[in-house]
Amino acid sequence: DTGVSQDPRHKITKRGQNVTFRCDPISEHNRLYWYRQTLGQGPEFLTYFQNEAQLEKSRLLSDRFSAERPKGSFSTLEIQRTEQGDSAMYLCASSSREANRDEQFFGPGTRLTVL
Amino acid sequence: DAKTTQPPSMDCAEGRAANLPCNHSTISGNEYVYWYRQIHSQGPQYIIHGLKNNETNEMASLIITEDRKSSTLILPHATLRDTAVYYCIVSYGGSQGNLIFGKGTKLSVKP
Chain A
6 DTGVSQDPRH KITKRGQNVT FRCDPISEHN RLYWYRQTLG QGPEFLTYFQ NEAQLEKSRL
66 LSDRFSAERP KGSFSTLEIQ RTEQGDSAMY LCASSSREAN RDEQFFGPGT RLTVL
Chain B
1047 DAKTTQPPSM DCAEGRAANL PCNHSTISGN EYVYWYRQIH SQGPQYIIHG LKNNETNEMA
1107 SLIITEDRKS STLILPHATL RDTAVYYCIV SYGGSQGNLI FGKGTKLSVK P
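From first to last, the protein sequence lines stand for chains A and B. Letter 11 of the first sequence, counting from 1, is numbered 16 in this note's numbering, and no numbers are missing. Letter 59 of the second sequence, counting from 1, is numbered 1105 in this note's numbering, and no numbers are missing.
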């Protein structure tokens, strides 16, 4: 399957613990996005990479959140000192600068539950 | 905040056309209208986008009014698998392409 993949699909953690999620975009897609979605709401933008450069961060991305894309391929999203309010679906998407449709391809998401 | 307004829910009979409206009265001249949908427990899926002209692809048609203040997504022959939340989004696309989702329209296709 050549779609966007995310790992893990589900994560349950206790408040105060650190968690890290991984996203593997479609190969050769140079743009990668992270979104967060809570129940009953649409996805909310968190951050965006073009190749390895993090070009934009939402104000939703507090100091406890950090995202990296070290070689311009896969990306990680780390949440430190998790809080119950961090419980959500974390979605990754990728797109190609060269594609004239510029559509974003989304992964299946990582569902985080903070107890 | 999302720049679009959509009805929270709609029903459609299987095999009939589903017409999903969207208002985007503050859209700027170089912003596109994008439609995505999200089937339960999956990530959003791109459907179609347009700037000024009507667009059609294998999934749907997009009708944009002449003043660009509203649009309609048309699923010509809805099936049960089209039951999903449909999001209408205005975006510059390209390097400014982070999408601002609203709450969307929950389309229920009924037998």
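From the three backbone atoms N, C-alpha and C, an ideal C-beta is built for every residue, glycine too.
State the Cα-Cα distance for the pair residue i and residue j, rounded to the nearest angstrom.
i          : j          : result
B:Leu-1121 : A:Glu-33   : 31 Å
B:Pro-1053 : B:Leu-1066 : 8 Å
A:Leu-82   : B:His-1095 : 29 Å
B:Asp-1113 : B:Thr-1102 : 19 Å
B:Ile-1085 : A:Thr-52   : 23 Å
A:Leu-96   : A:Ile-17   : 16 Å
A:Lys-19   : A:Phe-50   : 25 Å
A:Thr-118  : A:Thr-25   : 13 Å
A:Arg-64   : A:Phe-70   : 11 Å
Does residue i come out as helix, strand or coil in the three-state DSSP assignment?
i          : result
A:Leu-120  : coil
A:Gln-89   : helix
B:Thr-1119 : Note on identity: in this sequence residue 1119 of chain B is Leu, with Thr being the wrong assignment. The answer is strand: DSSP assigns B:Leu-1119 an E or B state.
B:Leu-1126 : helix
A:Arg-36   : strand
A:Gln-46   : coil
B:Thr-1051 : strand
Nearest to residue i by alpha carbon, out of the options?
i          : options                                        : result
B:Thr-1151 : B:Asn-1069, B:Arg-1062, B:Asn-1144, B:Gly-1061 : B:Asn-1069
B:Ile-1073 : B:Glu-1104, B:Asp-1057, B:Ser-1116, B:Ala-1124 : B:Ser-1116
A:Arg-36   : A:Glu-108, A:Gln-42, A:Gln-46                  : A:Glu-108
A:Gly-21   : A:Ile-84, A:Gln-42, A:Phe-111                  : A:Ile-84
B:Val-1155 : B:Ala-1048, B:Tyr-1132, B:Ser-1087, B:Ile-1109 : B:Tyr-1132
B:Ala-1006 : B:Ser-1071, B:Asp-1128, B:Lys-1149, B:Leu-1145 : The question about residue 1006 of chain B has no answer here: the residues shown for chain B are numbered 1047 through 1157.
For the ligand GTP, any of its heavy atoms closer than 7 Å to the Cβ of residue i?
i        : result
A:Ala-72 : The ligand GTP is not among the ligands present in this structure, which contains no ligands whatsoever.
Tell me, please, which residues DSSP counts as bridged to residue i.
i          : result
A:Ile-84   : A:Val-24, A:Phe-70
A:Phe-110  : A:Ser-99
A:Glu-61   : A:Tyr-53
B:Asn-1100 : Looking at the DSSP assignment, B:Asn-1100 forms no beta bridge with any residue, so it has no partner.
A:Lys-16   : A:Leu-117
B:Met-1105 : The partner list for B:Met-1105 (beta bridge, DSSP) is empty, contrary to what the question assumes.
Our contact map puts residue i next to residue j with C-beta atoms below 8 Å; I'd like the distance itself, whole angstroms only.
i          : j          : result
B:Val-1136 : B:Glu-1077 : 5 Å
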